[in-house]
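Adding 20 to a residue's 1-based position in the sequence shown gives its number in this note's numbering.
Worksheet: the structure to be examined is printed underneath.
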Amino acid sequence: MLIHSPLKKQPRQTAEPNGDIPWHYPQAKTPIHRLYELAKTGQWNASTDVPWQQDCEVAHFPSGDEGNPLLGFPDYDGLPEAERRRLSWWQHRLEIAELLHGEQAAMLIASQLVSCLPSVEAKLFASTQVADEARHVEFFSRYLHELGGEIPPPSNALMNLIHECIDEPRWDMKFISCQILIESLAMARFQELRQHTCVPLLRFAIDYILRDEARHVRFGVEFLREHLATLNENALEERSRFVLDNVLRLANSLNIYNRIGMAKGWDLAELRRHLRRYRLQHPELNRQRFRQLTLNMDAVGLLTAAGRARLERMNLLS
Ligand SMILES: [Fe+2]
Ligand SMILES: [Fe+2]
């Protein structure tokens, strides 16, 4: 242990942008403490607990037909099967890369939360979240490397959101961005992927990852509920709008399909029309994607009347 000399003043750590270091170490066993205990026993090793020896069968499609919005687009349907399969793997790589970049964002923001959350027990849990997200980064980056080729960069919509969250000075906005916005979207995406993937290795790892993410979401809900109850209506509305603005921006970004359409020389306006039609014909897909988010927003008090009305207008409430 390092003993600091009382004669030599230690420089104050600047890791606390929003307040003092909490010197209280409560003994009470709160729900957050219980989540911390769960986090310690729920650790797994992305190098040794995942069956990496299993091959990804690139001779098959990476996922079933259900949930592929390109189906029914004449330029896609008209391609030979081998080309559709190649495109599906590319689409899969783009989707997994978005998840990987989201995981890195979660790791970076969780590390900031260790510094800026106001209580020791919240900091302890956030520190386990940093390790969890690191494992998710490790898994998805290795998975993409094993598939081969370069890892695609994040979409502009995701990159802007990540920078905004990292630069956000208010701890609760940062917390909301990470635990409500990013975590809820990730949970929904993982559940969807788990349901449609034909890659056993991916399904195996997602089960582990989902367990971690469920803990992170629980932490967000437990901690935020109390804090948000102390805010006035305007502050709540601002936070609710922030979540919905960002989530809708992400949902409307057609980056992956644009990239595929451009590479294939398809008519992008026609492709966008097709994707819009597909969304209208499958309202349950979007509702499913938003279900976790709206449940979590509701649980912490962020689903305000205005927010609910906005989601209802867009037919996104389950
Ligand atoms: Fe994660
Ligand atoms: Fe997470």
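Note that the Cβ used here is the ideal one computed from N, Cα and C, for glycine as well.
Note to self: Taking the alpha carbon of residue 84 as the reference point, which residue from 103, 73, 95, 108 has its own alpha carbon closest?
What the structure shows: 108
Margin query: In whole angstroms, give me the CA-to-CA distance for residue 337 and residue 300.
Written below: 14 Å
Margin query: What does the Cβ neighbour count give for residue 285, buried or exposed, with the cut at 16 atoms within 10 Å?
Written below: exposed
Check: In terms of alpha-carbon separation, which member of 181, 86, 100 lies closest to residue 124?
Finding: 181
Item checked: Secondary structure of residue 83, DSSP reduced to three states -> strand
Next item on the list: Indicate, with yes or no, if ligand 2 has a heavy atom lying under 7 Å from the CB of residue 69.
Entry: no
Next item on the list: Give the secondary structure of residue 217 by DSSP, where H, G and I count as helix, E and B as strand, and everything else as coil.
Entry: strand
Notebook entry, point to check: Going straight from the alpha carbon of residue 93 to that of residue 295, what length do you get?
Noted result: 9 Å
Note to self: Given a cut-off of 8 Å on the beta-carbon distance, is the pair residue 206 and residue 257 in contact?
What the structure shows: no
Check: Contact between the segment 134-141 and the segment 152-168: three or more CB pairs below 8 Å?
Finding: no
Note to self: Quick check: what's the CA-CA separation for residue 30 versus residue 315?
What the structure shows: The predicted model places residue 30 with a pLDDT of 34, which falls under 50 and marks its position as unreliable, so this point remains unresolved.
Check: Does any heavy atom of ligand 2 sit closer than 7 Å to the C-beta of residue 151?
Finding: no
Check: What is the rounded straight-line gap between the Cα of residue 333 and the Cα of residue 220?
Finding: 38 Å
Item checked: Where residue 143 falls: helix, strand or coil (DSSP) -> helix
Next item on the list: Quick one: grab the DSSP three-state call for residue 48.
Entry: coil
Next item on the list: Can you tell me which of the three DSSP states residue 170 falls into?
Entry: coil
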